[in-house]
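Going by this note's numbering, the sequence shown opens with residue 19, and the numbers climb by one from there. Ideal placement from N, C-alpha and C gives every residue a C-beta, glycine not left out. Right, one structure below, let's go through it.
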Amino acid sequence: MINSRTEAEAVTVIRGRGRVSALGLALPPSGAAPASPFTTHPTGVPVATLPAPAEAAVAELRRHPSYRQLDRTVLLALLAARQATAQAGWGNGEMVSGELVSDGQERHLTNSPTHQLTVSPLAVSIGSSRGATGRLEEFHAGFLAEGSVPVAASPLTTLGNVASWVAYDAGQHGGAALSHSSTCSSAFQALGNARAWLKAGMATRFLAGGTEAPLTDFTLAQMRAIGIYSPLAAADWPCRPGAGRPSSFVLGEGAAVFALEQLSAAQAAAETGPLLVLAGVGFGFEAIGSKTGLSPDGQHFQQAMREALAQASLTPADIDAVVLHSPGTPAGDAAERAALRAVFGPALPALLSNKWLVGHTLGASAALSLDFACHVLETQQWPPAPFTTDLATAADKPIRRILVNAAGFGGNAASAVVELR
19 MINSRTEAEA VTVIRGRGRV SALGLALPPS GAAPASPFTT HPTGVPVATL PAPAEAAVAE
79 LRRHPSYRQL DRTVLLALLA ARQATAQAGW GNGEMVSGEL VSDGQERHLT NSPTHQLTVS
139 PLAVSIGSSR GATGRLEEFH AGFLAEGSVP VAASPLTTLG NVASWVAYDA GQHGGAALSH
199 SSTCSSAFQA LGNARAWLKA GMATRFLAGG TEAPLTDFTL AQMRAIGIYS PLAAADWPCR
259 PGAGRPSSFV LGEGAAVFAL EQLSAAQAAA ETGPLLVLAG VGFGFEAIGS KTGLSPDGQH
319 FQQAMREALA QASLTPADID AVVLHSPGTP AGDAAERAAL RAVFGPALPA LLSNKWLVGH
379 TLGASAALSL DFACHVLETQ QWPPAPFTTD LATAADKPIR RILVNAAGFG GNAASAVVEL
439 R
């Protein structure tokens, strides 16, 4: 049902979504998480890497000749995009090769170069903080050793190859393929751009989201050099948003992609089932001297949240829950909560997070947080964190609107509002 506030407005709806993370291709468990999904990287630090079934899906993608040389970041995006298009019903079910495979809670498409989409053109907008991290490091290592690089080195490591391969895999013909990089808010840059294009009539359907595969020795060394990495063991839930000291930042890999459509007010009113609506995407920036820090009161968070609320024609009192950016760093967690108090007042909405389940996935983190928010809206539940924190453990009222935060190095932040209508 469309309420009076929006009955005359067109809306951006989420027709389908897909994800891959340390939880596999599945959504978070409805009850308590049975065990920590984190593992120990060869460098000795905890990481949130893919479980075996999802890893098998990545390996299956690599069997296709066109995909053998692709970076892991791209392959994760393909897996998530395939789920999103399948859930949206944008494919006709014909596979060039391969089949839809179910392994319990997870379903994935194997050995299929395209989805044979029935809708065209389809636009694509994908965010990634670092892009083809693994391949870039491999090519650079080869250059240092041999003084030369393969012909494919440049095209396989440009940021644009993320969106272009998602578009290729989806069978796109004639639409835009856009890649975005704005550190850890990259996915919301992609989703905000997609929403703007849809509202402007420049596209009718979009695949938009974020992806990141940063679990390389060099990237992990960079995170450790900042002094924020968690000292906790992998089995001991090492990523702990809102828990205070010590810092519990843990790097993860993953992707989430959304199938977006723009519906007129009449089309939205004619829908018979509930709609997930991307109601607003706002951005903030604060010019500060430190490009790794942020102001104590999170000014960029405040700007982004207020803009997202304004786009959605909502007040802070209309928000039932917030999925935090909250990476587990004491300063970052505190600044975000200060920003929340500035926007919402002392009585905050329910605070939620999925980073304790999937780690911080950099450019994919905002998309995975939005996917988590959609899951909460649909099920009205989430697993409680198994450590002392300020995260909510259960809903005390129906949750219909969730605000999702993201922020990254450089002073940027982004927020999105998703509604169940």
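- ALA66 places its beta carbon less than 8 angstroms from that of GLY377.
- The beta carbon of ARG258 is closer than 7 angstroms to those of SER266, GLY346, TRP374, PHE405, THR407 in its chain, skipping five residues each way along the sequence.
- In this structure, the beta-carbon distance from ALA226 to LEU294 does not fall below 8 angstroms.
- Residue environment analysis places SER143 among the buried positions, since at least 16 neighbouring C-beta atoms fall within 10 angstroms of its C-beta.
- Proximity to THR61 across PRO314, THR237, ILE306, SER39 peaks at THR237, based on C-alpha coordinates.
- Cβ atoms of SER182 and SER147 stay farther apart than 8 angstroms, at about 18 angstroms.
- Within the region 288-316, the beta strand (DSSP E) runs of at least 3 residues that lie entirely inside it are, in chain order, 294-303.
- Under the DSSP definition of a beta bridge, ARG223 partners with GLU279.
- Looking at the backbone, the Cα of THR290 and that of ARG439 are separated by about 11 angstroms.
- If the five residues before and after VAL92 are omitted, its C-beta is found closer than 6 angstroms to the C-beta atoms of VAL180, TRP183, all from its own chain and listed in chain order.
- Annotation for GLU396: the continuous alpha helix (DSSP H) segment containing it runs 383-397.
- According to the DSSP assignment, GLU27 belongs to no alpha helix (DSSP H), since it is labelled neither H nor E.
- Between the region 408-424 and the region 388-396 there are three or more inter-stretch CB-CB distances shorter than 8 angstroms, so the stretches are counted as touching.
- Counting along the chain, SER433 sits inside the beta strand (DSSP E) bounded by residues 430-438.
- The shortest CA-to-CA distance from GLY262 to any of ILE246, LEU269, ALA74, ALA274 is the one to ILE246.
- Note on geometry: alpha-carbon atoms of PHE319 and ALA412 lie some 25 angstroms from one another.
- Around the beta-carbon of SER54, 16 or more other beta-carbon atoms lie within 10 Å, marking it buried.
- In chain order, VAL361, PHE362 place their CB closer than 6 angstroms to the CB of PRO334, counting only its own chain and leaving out the 5 sequence neighbours on each side.
- Boundaries around ASN423 are those of the beta strand (DSSP E), 419-426, since no alpha helix (DSSP H) includes it.
- When DSSP states are grouped into helix, strand and coil, PRO64 belongs to the strand group.
- VAL340 is bridged by DSSP to LEU369, LEU421.
- Closest by C-alpha distance to ALA171, out of HIS191, ALA326, GLU156, LEU162, is GLU156.
- DSSP links ARG35 through a beta bridge to PHE276.
- The beta carbons of PRO71 and GLY42 sit about 5 angstroms from each other, so the pair counts as a contact at 8 angstroms.
- Of the other Cβ atoms in all chains shown, fewer than 16 fall within 10 Å of the Cβ of ILE244; this residue is therefore exposed.
- The three-state reading of DSSP puts SER182 in helix, counting H, G and I together.
- Pairing ARG37 with ASP89 gives a Cβ-Cβ distance that is not under 8 angstroms.
- Relative to LEU68, the option among ALA297, GLY49, LEU97 whose CA is nearest is LEU97.
- Assignment of LEU41 by DSSP, reduced to helix, strand and coil, places it in the coil class.
- By the C-beta density criterion, MET323 is buried, having at least 16 other C-beta atoms within 10 angstroms.
- Its chain contains PRO401 as the residues whose beta carbon lies nearer than 6 angstroms to that of ALA50, once the 5 sequence neighbours on both sides are disregarded; these appear in chain order.
- Counting only the Cα atoms, VAL29 lies some 33 angstroms from LEU312.
- Nearest C-alpha to ALA251 among GLY298, HIS59, ARG35, LEU45: HIS59.
- Taking a contact to require three or more Cβ pairs closer than 8 angstroms, the region 295-307 and the region 422-438 qualify as touching.
- One thing to note: GLN87 has its Cβ no nearer than 8 angstroms to the Cβ of LEU177.
- Note: LEU375 is not bridge-paired with any residue in the DSSP secondary-structure output.
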